[in-house]
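A quick write-up on the structure given underneath.
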Amino acid sequence: MAAVPPKVDAAFRDYCYIPYTALTQAACLRSARGEEDYILNAKGGLTVKGLSRENERGISTIEWLKAAKTAEEHTQVYHGKDRGDALQSHHTVVLSLAHSHGWAVAVEYDIQQREAAANDHRHN
């Protein structure tokens, strides 16, 4: 299973929405180097900033494919084979949409469906 930043691993465990840009090699490298963004918390201390959705729709097909595989693996570990298989099936639909309607439409569909799944765990 591919290594991911701790905050991403926690998001997988908690079945939260994860922008696939947080799974790119560049994002994982920044985290490994300790180059994460911080914000001031209510107690005046620093807290690691949440997962950024910046440029989420600009992810390349290659980066998305790697991120999708990582997401499938982590989903299966934390939420079981059925949920991992459902995500893999979703990814197959996204790739089919990319072939028929273009990458921008496919990414928009992907984001929309993964948001729905994170907001309602019954969504499949």
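Residue numbers for the sequence shown follow UniProt numbering, beginning at 1 and rising by one.
From the three backbone atoms N, C-alpha and C, an ideal C-beta is built for every residue, glycine too.
Residue range 103 to 119 is occupied by the alpha helix (DSSP H) that includes N119. Leaving aside the five residues that flank G84 on each side, the residues in its chain whose CB is nearer than 6 Å to its CB run, in chain order, E72, T75, Q76. Bounds of the alpha helix (DSSP H) holding A68 are 61 to 79. Note on A117: 16 or more other CB atoms within 10 angstroms of its CB, so buried under the neighbour-count rule.
Counting C-beta pairs with one atom in each stretch, the segment 11 to 26 and the segment 50 to 61 have three or more that are closer than 8 Å, which means they touch. Distance check between E115 and each of P6, C16, I59 places C16 closest, using alpha-carbon atoms only. In the structure shown, D9 falls within a helical segment according to DSSP collapsed to helix, strand and coil.
The beta carbon of L95 lies closer than 6 Å to none in the same chain, with the five residues before and after it left out.
Inclusion of H90 and Q113 in the CB contact set at 8 Å is warranted, their separation being smaller than that value.
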